[in-house]
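If you read the protein sequences in the order shown, they are chains A and B.
Throughout, the numbering used here is defined as the position within the first sequence, counted from one, plus 688.
Throughout, the numbering used here is defined as the position within the second sequence, counted from one, plus 14.
Each residue gets a CB set at the ideal place from its N, CA and C atoms; glycine is no exception.
Below: one structure, written as structure tokens.
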Amino acid sequence: MALEHADVLRAAHLARLGLSDEDAAHYLDDLGRILEMVDQLQALDTEGVAPLAHPLDATQRLRADEVTETDQRDRFQRCAPAVEQGLYLVPRVVE
Amino acid sequence: MHDKTLSELAAALTAGEFTSRELTEHQLARIARLDGEINSFITVTPEQALTAADAADAARAKGQAGPLTGLPLAIKDLFCTQGVLTTAGSKMLGNFVSPYDASVVEKLKAAGMVSLGKTNMDEFAMGSSNENSAFGPVKNPWEAGAVPGGSSGGSAAAVAAGLAPAALGTDTGGSIRQPAAFCGITGLKPTYGRVSRYGIIAYASSLDQAGPMARTAKDCALLLNAIAGPDPRDSTCVARGVPDYTEELDAPLSGLKIGLPREYFGDGLDPDVEAAVREAVKVYESLGATVREVSLPHTHYAIPAYYVIAPAEASSNLSRYDGVRFGHRCQAPGDLIDLYKRSRAEGFGAEVQRRILIGTHTLSEGFFDAYYTKAQQVRRLIRQDFLDAFEEVDVLMGPASPTPAFDLGANNDPVSMYLQDIYTIAVNLAGIPGISVPAGFVGKRPVGLQILGTHFAETRLLNVAHQFQQATDWHLRRPALAEETT
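In structure tokens:
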């Protein structure tokens, strides 16, 4: 499955990675070769094999529905780039 | 002091030969003197270290010392450490001071260990040479022109150079075992879920696992005792009791059944590495083990499957770096999308961007089944190969890496770098434990013997590794700069 320039730009947009046309061109060759290596998988017959998501086939554990966390907003916001009155600041979203 | 193993240091502290403060000051002085050249630490924390050392000495004076009290340690910069810069080797987290400790860090602090600082690594643990760090490459203490391996390259180099007696690493596709092999130390990747991942900056959540890196298998056992076990804050951490991993170290190996996977001795394996590994296997035969060839028929598909699964998980995990809540934010964003896009393009290095792009592409509409579902099916076949092999033998042995440490700058092409991990990567897909132990040299560069066991066979692996270290002295060899007396 050959990769094209537009595929790189599409993936970059979906991943919110700001790539210029030149950046995308630069990655195209590397990504193409990585996918070519990955395409070896297609040679293997996996008909009827169940996908393995977790090496121990574990399922999500449940716990009692109890409050275990306390409010630590101030502490956690200390590492934020911009906050005001407990809110994260971003450029205006709604005009 | 830096020529001693962790267990020897523990005995010396108990005997009162020196204090934890004296030991910590000695290690900090070595870091200050030698690490400018090696670059194994991103952050050194002398004040916190000395405070912790004094607390350890005080605890000892009150008769409250445990087996690890007062022993220094270096921590890979992927583990969150409260109040200390935690970068993951990335410009994205170049300003991130963690508000909390990883579970493993919390446990080691509670055990009285003294953190010397945070070690260099490939950015977000993506790499096999430590050349992908935003904080510069690490030099291999055995030969400055060689890489230390990756991604836990700083941890391996720090231990090899005698800057720290032990270190924490993480291993997603070989990131403990390969740098341990390249730097001539011992490194254990436990079974997936044996050690909590809480507070370890995530790369690929179904593959990541933390483990000890030290000079000996015995030291790794001591550390695993302290870090293994269930954690309510990591739902993938297995609810299973922790044995004393030192208990079986001295068990004899007569009757041990060793399998040599024929796929691990094929094309691409350096003949000198192969010779060292086969020599090591002979040592085991002399200890009463029997050896047979086995097959892991899907080995060839492990790297392709990994480079679908790991980037897919990484693209999801790394979506949290948005320039809003923590980490790097671009200057003067025009709108929210611009803020996301520029913050991420500026904060992530090239290899991280490549893996985010691959993961996003393979998970996107129209490609998901062909890539992701297919890779997960292959993952099951790869795990089955190991389970079948462990029906016949107790452990598998082979090289940790096809070559000794390569030169800095030698693998500029991403795919050729990926292929370096041929013998380690399948282990993470299968979730089984593996350990690398020093087993010889090619020129000045160390060779690692990799030993693999079935799920939760850490006790056995540590026993098998320890017995080798009772019969050989490769693990005692030191690079010239670690043999100095101060």
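Alpha carbon of residue i to alpha carbon of residue j, nearest angstrom
{"i": "B:Leu85", "j": "B:Glu497", "result": "20 Å"}
{"i": "B:Leu274", "j": "B:Thr59", "result": "44 Å"}
{"i": "B:Val252", "j": "B:Thr33", "result": "37 Å"}
{"i": "B:Leu27", "j": "B:Arg254", "result": "32 Å"}
{"i": "B:Arg74", "j": "B:Leu64", "result": "15 Å"}
{"i": "B:Ile372", "j": "B:Pro325", "result": "6 Å"}
{"i": "B:Ala471", "j": "B:Ile272", "result": "14 Å"}
{"i": "B:Leu87", "j": "B:Gly361", "result": "29 Å"}
{"i": "B:Ile446", "j": "B:Asp185", "result": "12 Å"}
{"i": "B:Val295", "j": "B:Gly183", "result": "27 Å"}
{"i": "A:Leu775", "j": "A:Arg763", "result": "13 Å"}
{"i": "B:Thr83", "j": "B:Gly50", "result": "29 Å"}
{"i": "B:Ala160", "j": "B:Asp136", "result": "15 Å"}
{"i": "B:Glu68", "j": "B:Ser129", "result": "It is worth fixing the name first, because residue 68 of chain B is Asp in this sequence and not Glu. If I take the Cα positions, the gap works out to 13 Å."}
{"i": "B:Asp435", "j": "B:Ala72", "result": "45 Å"}
{"i": "B:Pro81", "j": "B:Ile215", "result": "28 Å"}
{"i": "B:Val308", "j": "B:Arg394", "result": "19 Å"}
{"i": "B:Ile52", "j": "B:Gly103", "result": "15 Å"}
{"i": "A:His714", "j": "A:Leu707", "result": "10 Å"}
{"i": "B:Ser112", "j": "B:Asp427", "result": "34 Å"}
{"i": "B:Ser30", "j": "B:Ser21", "result": "Sequence inspection shows Gly at residue 30 of chain B; the Ser mentioned does not correspond to that position. Approximately 14 Å, taken between the alpha carbons."}
{"i": "B:Ala79", "j": "B:Ala25", "result": "12 Å"}
Min CB distance residue i to chain B below 8 Å
{"i": "A:Gly774", "result": "no"}
{"i": "A:Gly831", "result": "A query on residue 831 of chain A cannot be resolved here, the shown segment of chain A reaching from 689 to 783 and no further."}
{"i": "A:Asp806", "result": "There is no way to answer for residue 806 of chain A, as the model of chain A reaches only from 689 to 783."}
{"i": "A:Arg761", "result": "no"}
{"i": "A:Ala768", "result": "yes"}
{"i": "A:Val800", "result": "Nothing can be reported for residue 800 of chain A, as the shown portion of chain A is limited to 689 through 783."}
Exposed unless 16 or more other CB atoms sit within 10 angstroms - verdict on residue i
{"i": "A:Arg749", "result": "exposed"}
{"i": "B:Pro418", "result": "buried"}
{"i": "B:Asn425", "result": "buried"}
{"i": "B:Phe382", "result": "exposed"}
{"i": "B:Gly467", "result": "buried"}
{"i": "B:Lys76", "result": "exposed"}
{"i": "A:Thr747", "result": "exposed"}
{"i": "B:Asp222", "result": "buried"}
{"i": "A:Val782", "result": "exposed"}
{"i": "B:Ala240", "result": "buried"}
{"i": "B:Gln464", "result": "buried"}
{"i": "B:Asp408", "result": "buried"}
{"i": "B:Ser329", "result": "buried"}
{"i": "B:Leu237", "result": "buried"}
{"i": "A:Asp709", "result": "exposed"}
{"i": "B:Pro193", "result": "buried"}
Cβ-Cβ distance between residue i and residue j below 8 Å
{"i": "B:Tyr315", "j": "A:Leu732", "result": "yes"}
{"i": "B:Leu350", "j": "A:Val755", "result": "no"}
{"i": "B:Ser189", "j": "B:Thr133", "result": "no"}
{"i": "B:Gly201", "j": "B:His16", "result": "no"}
{"i": "B:Gly168", "j": "B:Asn144", "result": "yes"}
{"i": "B:Pro179", "j": "B:Thr19", "result": "yes"}
{"i": "A:Leu723", "j": "A:Val696", "result": "no"}
{"i": "B:Gln481", "j": "B:Leu267", "result": "yes"}
{"i": "B:Gly198", "j": "B:Val209", "result": "no"}
{"i": "B:Asn146", "j": "B:Tyr217", "result": "no"}
{"i": "B:Ile439", "j": "B:Ala389", "result": "no"}
{"i": "B:Ala235", "j": "B:Thr260", "result": "yes"}
Residue-chain proximity (residue i, chain A), Cβ-Cβ < 8 Å
{"i": "B:Lys90", "result": "no"}
{"i": "B:Pro246", "result": "yes"}
{"i": "B:Ser21", "result": "no"}
{"i": "B:Gln434", "result": "no"}
{"i": "B:Val209", "result": "no"}
{"i": "B:Gly108", "result": "no"}
{"i": "B:Lys132", "result": "no"}
{"i": "B:Thr33", "result": "no"}
{"i": "B:Ala319", "result": "yes"}
{"i": "B:Pro428", "result": "yes"}
{"i": "B:Gly96", "result": "At residue 96 of chain B the sequence reads Gln, which differs from the Gly that was named. No, B:Gln96 does not count as interfacial toward chain A."}
Contact set between the segment 727-755 of chain A and chain B, restricted to residues whose Cβ is under 8 Å from the partner: Result list: Asp727, Gln728, Leu729, Gln730, Leu732, Thr734, Val737, Ala738, Pro739, Leu740, Ala741, His742, Pro743, Leu744, Ala746, Gln748, Arg749, Arg751.
Near-chain A residues of the segment 445-476 of chain B (beta-carbon distance less than 9 Å), N- to C-terminal order: Gly445, Ile446, His469
Against chain B: residues of the segment 692-706 of chain A by CB proximity under 7 Å: Per Cβ criterion, the list reads Asp695, Val696, Ala699, Ala700, Leu702, Ala703, Arg704, Leu705, Gly706.
Residues from the segment 44-76 of chain B in contact with chain A, defined by Cβ distance under 9 Å: none
Selection of the segment 352-381 of chain B by Cβ proximity to chain A, strictly under 7 Å: Leu353, Tyr354, Lys355, Arg356, Arg358, Ala359, Gln367, Arg368, Ile370, Leu371, Ile372, Thr374, His375, Ser378
Members of the segment 385-396 of chain B that neighbour chain A once the beta carbon cut-off is set at 9 Å: Tyr385, Tyr386, Thr387, Lys388, Ala389, Gln390, Gln391, Val392, Arg393, Arg394, Leu395, Ile396
Cβ-based contacts, 8 Å cut-off: residues of the segment 222-255 of chain B near chain A: Pro246, Ser249, Thr250, Val252, Ala253
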